[in-house]
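Reading through the structure tokens given below for one structure.
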Amino acid sequence: MQNVELKAIANAIAQIREQLPEADTAVRSKMLEELETLREMATSILDAWMEVDDAIEETLAQISEAAIDASVALQEGETPQSTASLHLGASVQQNLQSRTENLLQAPVQLAETWFDMSLRADCALRKGLGYFDLRMFDEAALSLTQAVAEQDNPATRIYLALSHLAADRVDLATNHLNVARERASDDVTVRAVLEVDVQICAAREDWHQAVHVLYELLCFEPNQLDTWYNLGVCHLKLYEFAAAERCFAKSMKGEPMDVEAALWRAMSLVLCGRVDEARQLLATSTHLAHNLEEYALLRVVLHLSTQRIDLAERVAMTAIVAEPNRASGYELLALCRAVSHRPADAIPLCKRALTLLPNSSQAFTLFGLCSYLMGDFVRAERALKIVEERGEASGLTHIVRARIASLEGHAADAKERLNRLAEHPGMYAKRLAVLYRGMLHLSENEVALAEADFERALHLGLPQSAIDVAKAHAKSGVFESV
-19 MQNVELKAIA NAIAQIREQL PEADTAVRSK MLEELETLRE MATSILDAWM
31 EVDDAIEETL AQISEAAIDA SVALQEGETP QSTASLHLGA SVQQNLQSRT
81 ENLLQAPVQL AETWFDMSLR ADCALRKGLG YFDLRMFDEA ALSLTQAVAE
131 QDNPATRIYL ALSHLAADRV DLATNHLNVA RERASDDVTV RAVLEVDVQI
181 CAAREDWHQA VHVLYELLCF EPNQLDTWYN LGVCHLKLYE FAAAERCFAK
231 SMKGEPMDVE AALWRAMSLV LCGRVDEARQ LLATSTHLAH NLEEYALLRV
281 VLHLSTQRID LAERVAMTAI VAEPNRASGY ELLALCRAVS HRPADAIPLC
331 KRALTLLPNS SQAFTLFGLC SYLMGDFVRA ERALKIVEER GEASGLTHIV
381 RARIASLEGH AADAKERLNR LAEHPGMYAK RLAVLYRGML HLSENEVALA
431 EADFERALHL GLPQSAIDVA KAHAKSGVFE SV
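By my numbering, the letter at position 5 of the sequence shown is numbered -15, and the numbering carries on one by one without gaps.
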């Protein structure tokens, strides 16, 4: 880094990062203020650079105009002494053109699209794309809006849509992308529109529409591996596990060493009930990656899903050793201990994770689950309520809170939660909700309603043995209350 001021800012940030693992809450708060100040300083430097760059562009334009004047004068019989200026002007024009073409290389590839704009719009475009690459999305949107006002162009609209999308202004992104869609006249631009459209669908969590758009992209290039991979992700979001597995298989067919595709395919196999195939694929994927801690969460969940607690714990321990000051490894090991019926061993790991990351919803959820399993309902409710108030509650959060409400005699609250969860798209939450609701009906002597729920739980994939245990437990509660 050659700029002295930016180098000093970078060094200051590096010092903050070195002190971060040992910093307490007060120090971290002060660090946040320092980082904000450093960001403002960096932004002012970048703004100054942009102004200098604009001045250079304007000067280049003046030189180019002078060269054109010289060319006209030469054609009208002026002395040949101006010939050097003419060649200089042509060179400058060529350089301007090549720089403009280079702007099309990222973030969306539009290599065959030509920005035919005035110099003023060209400067605004260059500033906008520069800000975008620096992840300064508000500033990028302002400059690209100016570029569109000077000379509208589908490609500029695409970049403007991306800037708004990156800043979570989804509606504005959609509006600009729709304009680009209407004006797109070549395959490259149409494909770019579709690619951004997929991102907008993901931001809206409209997975059905995302699948539709991705299949449109496959019409352009049927063997595009990333498109097949993204289709697999969308089908997983829609709980269409067999379709997801086929898409990930298509992705792996073109790239057998794709670890991420292999892991998600294994997860799809587990969710389809093809556990043996998932185990085999998971064992193979272990040899594909150099860093086993990569995708640690997915690996742990897969090992737990295939009943390999030992391998799951090994992955979690590897993650802790690799990054001892990150909360994620301790959360993963706590999950392993909770799943293997060792909540007392999981509690200290949850506390360690919360020490490293005080706002971790995952750690709070695990802490609440383990507290519930140990019979400490007050502590469990307190932890799970924090997660729910943040709007980050999972199906597991509602299941545990419903069970606590049921066990403490708050049947109305329990039924309300279980009724909502019975329509949850996630099969795990839905099965447990229907099962627990059946137990609640049975404990209140609502036998017909209970049998209907137990029958539905069986159809949803719960084994008869689990339903029989639930019935026996609920009946024992009825007899005790009588």
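Beta carbons: idealized from backbone N, C-alpha and C, even for Gly.
Length of the line joining the Cα atoms of residue i and residue j
i           : j           : result
residue 255 : residue 154 : 41 angstroms
residue 486 : residue 281 : Any property of residue 486 remains undetermined from this structure, which presents the chain solely from -19 to 462.
residue 189 : residue 181 : 7 angstroms
residue 14  : residue -11 : 11 angstroms
residue 275 : residue 298 : 12 angstroms
residue 231 : residue 456 : 52 angstroms
residue 207 : residue 229 : 12 angstroms
residue 150 : residue 372 : 21 angstroms
residue 233 : residue 221 : 18 angstroms
residue 121 : residue 158 : 16 angstroms
residue 148 : residue 184 : 10 angstroms
residue 166 : residue 174 : 13 angstroms
residue 423 : residue 344 : 30 angstroms
residue 411 : residue 437 : 6 angstroms
residue 126 : residue 264 : 52 angstroms
residue 340 : residue 414 : 29 angstroms
residue 216 : residue 130 : 43 angstroms
residue 333 : residue 307 : 4 angstroms
residue 450 : residue 379 : 15 angstroms
residue 2   : residue 12  : 15 angstroms
Same chain only: Cβ atoms within 6 angstroms of residue i, ignoring 5 sequence neighbours per side
i           : result
residue 284 : 292, 319
residue 421 : 429, 430
residue 114 : none
residue 386 : 394, 420
residue 425 : none
As assigned by DSSP and simplified to three states, the class of residue i
i           : result
residue 323 : helix
residue 202 : coil
residue 209 : helix
residue 303 : coil
residue -12 : helix
residue 88  : Reliability fails at residue 88, whose pLDDT of 43 lies under 50, so the model's placement of it is uncertain and no value is given.
residue 252 : coil
residue 114 : coil
residue 342 : helix
residue 337 : coil
residue 286 : coil
residue 4   : coil
residue 131 : coil
residue 185 : coil
Close-in-space but distant-in-sequence residues of the same chain around residue i (CB under 8 angstroms, 5 per side omitted)
i           : result
residue 383 : 352, 394, 416
residue -7  : 15, 18
residue 325 : 317
residue 145 : 153, 176, 179, 180, 183
Same chain, Cβ closer than 7 angstroms to residue i, neighbours up to 5 away in sequence not counted
i           : result
residue 251 : 221
residue 257 : 249
residue 408 : 375
Self-check item: alpha helix (DSSP H) runs contained entirely in the stretch 381 to 430, provided each spans 4 or more residues
Solution: Counting only runs of 4 or more, we get 391 to 401, 407 to 423.
Quiz item: Which parts of the stretch 134 to 168 are runs of the beta strand (DSSP E), unbroken and 3 residues or longer, counting only runs that do not cross its ends?
Solution: Those beta strand (DSSP E) runs which fall completely within the stretch 134 to 168 and span 3+ residues do not exist here.
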